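In this note's numbering, the protein residues as written are 247 to 694. Ideal placement from N, C-alpha and C gives every residue a C-beta, glycine not left out. Bear in mind that the values here come from a model prediction, so they are computed numbers and not experimental data. Contents: one structure, followed by commentary.
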């Protein structure tokens with residue numbers, strides 16, 4: 247199995263040392279019902295420099311000291327305190343130079359919103375060279391709000407996503423110079439003089455939520471699909487979409503085709519872990535990532551994906567929906583009332599294992615159950631919310647010392663292999679029908 251560490255690198259203040267600004271920022275997010283669009287007058291440049299460097303140090307620490315981690319995962323968002331990684335390739339280049347062992351998974355670059363796909367191909371090639379071939383390339387369509395932040399047309403998002411990836415592959419694998427004329431991308435002179443170290447190109451992993459279109463597209467191309475903290479039941483359905491599409495391509499999908507991102511908080515006591523884990527709900531969490539009209543602009547999703555979104559709760563704070571109001575001026579009392587609703591959903595977040603918080607002894611059995619159900623070859627731990635950095639580092643230490651060794655052994659018993667142990671799409675389909683890729687019975691036992 248491949249075990250990774252991920253965080254959104256949120257802009258935050260510590261409740262213990264700067265309660266005033268902690269609450270001011272959260273109240274503004276709740277007032278707008280959206281992280282996206284929070285005015286950047288709340289950004290303190292010196293504080294931003296401090297915590298961004300702390301996040302980078304945290305990633306580098308996994309390479310030098312925490313030898314049970316196989317990699318780190320990065321992403322990017324724009325125009326929001328939800329994520330300071332506005333250009334994750336910059337972060338990746340720093341990590342690539344400062345580390346020697348861990349793989350660097352970029353999940354992922356929003357191809358439809360990038361102004362110049364050829365420059366992106368060159369940036370990624372440089373990162374792979376600097377890291378001596380440790381980069382994993384991931385691609386995303388970008389949330390609906392990313393289209394607005396980057397002046398992109400959401401109606402062409404999927405077309406540009408697919409064409410952009412095809413173009414970058416061509417730029418990396420076709421000797422230049424050549425001219426490229428596509429539907430959305432046009433380049434007079436394609437002849438990049440930096441190419442990835444990995445041949446023909448770095449591995450592609452695709453992160454996503456619950457889009458069946460993306461799952462089928464991944465299966466057709468034999469790319470691993472990494473589910474981003476989606477609830478277990480809809481994730482099983484998505485695995486099935488992938489498996490059926492893989493069978494149509496003539497291969498048997500397996501653990502090497504699937505990854506899962508799991509929010510966790512591990513501490514020395516159950517009480518401290520649950521207290522810190524609750525902060526994943528800061529500002530309304532995913533329900534307030536962006537207002538619906540920004541998150542799902544017209545034309546962005548297919549009809550099938552839109553139907554599934556309407557029927558599916560995923561992520562922390564799902565139980566607290568709907569919270570969307572006018573997003574204008576509200577009294578302090580009204581904002582506090584909304585926050586009370588948000589945090590009242592935390593018991594359900596723990597019960598549904600949207601967040602797994604506790605000591606190593608209590609989180610290991612729960613994480614094993616997630617593995618039993620989904621059988622992923624890629625597993626990423628996700629710690630988020632305004633958690634003090636000493637507590638974050640302690641969580642990393644406990645994951646490394648106790649949790650990962652136990653899960654790795656469990657993965658061996660389940661036969662869970664990662665994409666580096668077995669090439670995705672390399673197992674031929676036998677008997678004309680795919681074998682199960684997950685374990686719904688384990689989910690039923692979990693719910694009982």
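The criterion of a C-beta distance shorter than 9 Å is not satisfied by residue 468 and residue 674. Residue 436 sits in a strand when the DSSP states are folded into three classes. Taking a 10 Å sphere around the C-beta of residue 498, we find 16 or more other C-beta atoms and assign the residue as buried. As a beta-bridge residue in DSSP terms, residue 383 pairs with 352 and 450. For residue 595, the enclosing alpha helix (DSSP H) starts and ends at 592-597. Here the alpha carbons of residue 259 and residue 375 stand approximately 36 Å from one another. In terms of Cβ geometry, residue 382 and residue 345 do not form a close pair [threshold 9 Å]. Around the beta carbon of residue 309, a 10 Å sphere encloses 16 or more other beta carbons of the protein chains shown; the residue is thus reported as buried.
Judged by their CB atoms, residue 628 and residue 508 are nearer to each other than the 9 Å cut-off. The beta-bridge partner set that DSSP reports for residue 473 consists of 454 and 506. Residue 610 is positioned such that its CB atom lies no closer than 9 Å to that of residue 314.
Excluding sequence positions up to five before and after residue 392, its CB lies within less than 8 Å of the CB of 323, 324, 356, 359 and 398, all in the same chain and listed in chain order.
Under the criterion of beta carbons closer than 8 Å, residue 373 and residue 342 qualify as touching, at roughly 5 Å. Judged by DSSP in its simplified three-state form, residue 361 adopts coil rather than helix or strand. Boundaries for residue 541: no beta strand (DSSP E) harbours it, while the alpha helix (DSSP H) harbouring it runs 538-541, taken from the DSSP string. Just so you know, the alpha carbons of residue 513 and residue 632 end up roughly 15 Å apart. Going by DSSP, residue 656 is part of the alpha helix (DSSP H) stretching over 650-660. DSSP, reduced to helix, strand and coil, places residue 402 within a helical segment of the structure shown.
With a beta-carbon spacing of about 6 Å, residue 488 and residue 464 fall inside the 8 Å limit used to define contacts.
Spanning the alpha carbons of residue 481 and residue 268 requires a straight line of approximately 34 Å.
Excluding residues up to 5 positions away in sequence, 603 lie with their Cβ nearer than 6 Å to the Cβ of residue 520 in the same chain. Closest in alpha carbon position to residue 608, among 452, 648 and 271, is 648. Boundaries of the alpha helix (DSSP H) around residue 334: 334-344.
Residue 328 and residue 661 have their C-alpha atoms some 36 Å from each other.
Collapsing the DSSP output to three states places residue 254 in coil. In the three-state reduction of the DSSP assignment, residue 627 falls in the strand class, which pools E and B.
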